[in-house]
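Worksheet: one structure, shown below.
Numbering (my numbering), first residue to last: 330 to 528.
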């Protein structure tokens, strides 16, 4: 694991602890122009600007505090107060950092299966996709079984890999975002599609 820095406006800003030296940083235009044929992408986000997000980073001693899916060009499926679709540009502001994962071996049909499952959750009535605040308590005391089975936190949506039937080896139960990232790192089928660091 190494510390990577990037020179940005105002000086040098520490950006990543990573082994992905060969993976370049993407510019704004690169991220916004990711083609539909490359989707979906699993997306990890990190931002210390949001107090809630900073709390997760500080408690987990990790870089990442949020997990999402990029399911169509320019948009993300993300767990906020409820599961919803938001413009990708929302997560390209301030100090947001993004890391995109994919399996380059996914077939067209497998990509459709994943996107259909993501859309299934987006189409649910909002009251059925509220944020599982109880699960945050469970994470805080290292008892992941403490959660509301009716709701989810952001990283619970990593299970779409298994629910869609595309990757039945996915075995995480109520993980934190950094644990999803670690699962990808330990699975040779997955590669980092790209990384982004906001201004």
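Glycine is no exception: its CB is placed at the ideal position from the N, C-alpha and C atoms.
First through last residue of the alpha helix (DSSP H) which encompasses residue i
{"i": "residue 437", "result": "437 to 452"}
{"i": "residue 511", "result": "506 to 514"}
Spatially closest choice to residue i from the options, by CA coordinates
{"i": "residue 485", "options": "368, 409, 438 and 367", "result": "409"}
{"i": "residue 513", "options": "526, 490 and 362", "result": "490"}
{"i": "residue 548", "options": "355, 406 and 515", "result": "Only positions 330 to 528 of the chain appear in the structure, and residue 548 is not among them; the question remains open."}
Exposed unless 16 or more other CB atoms sit within 10 angstroms - verdict on residue i
{"i": "residue 437", "result": "exposed"}
{"i": "residue 510", "result": "buried"}
{"i": "residue 366", "result": "exposed"}
{"i": "residue 412", "result": "buried"}
Cβ-Cβ distance between residue i and residue j below 8 angstroms
{"i": "residue 374", "j": "residue 425", "result": "yes"}
{"i": "residue 400", "j": "residue 368", "result": "yes"}
{"i": "residue 525", "j": "residue 360", "result": "yes"}
{"i": "residue 493", "j": "residue 446", "result": "yes"}
{"i": "residue 507", "j": "residue 420", "result": "no"}
Span of the beta strand (DSSP E), counted from its first residue to its last, around residue i
{"i": "residue 419", "result": "Run containing residue 419: none; DSSP gives neither H nor E here."}
{"i": "residue 537", "result": "In this structure the chain extends from 330 to 528, so residue 537 is not present and cannot be described."}
{"i": "residue 427", "result": "426 to 431"}
{"i": "residue 525", "result": "520 to 526"}
Three-state class that DSSP yields for residue i in the structure shown
{"i": "residue 494", "result": "coil"}
{"i": "residue 403", "result": "coil"}
{"i": "residue 361", "result": "helix"}
{"i": "residue 486", "result": "helix"}
{"i": "residue 350", "result": "The predicted model places residue 350 with a pLDDT of 48, which falls under 50 and marks its position as unreliable; any figure quoted below should be read in that light. Residue state, collapsed to three classes: coil."}
{"i": "residue 376", "result": "coil"}
Any non-hydrogen atom of the ligand PLP within 7 angstroms of residue i CB
{"i": "residue 498", "result": "Among the components modelled here there is no ligand, and therefore nothing to report on the ligand PLP."}
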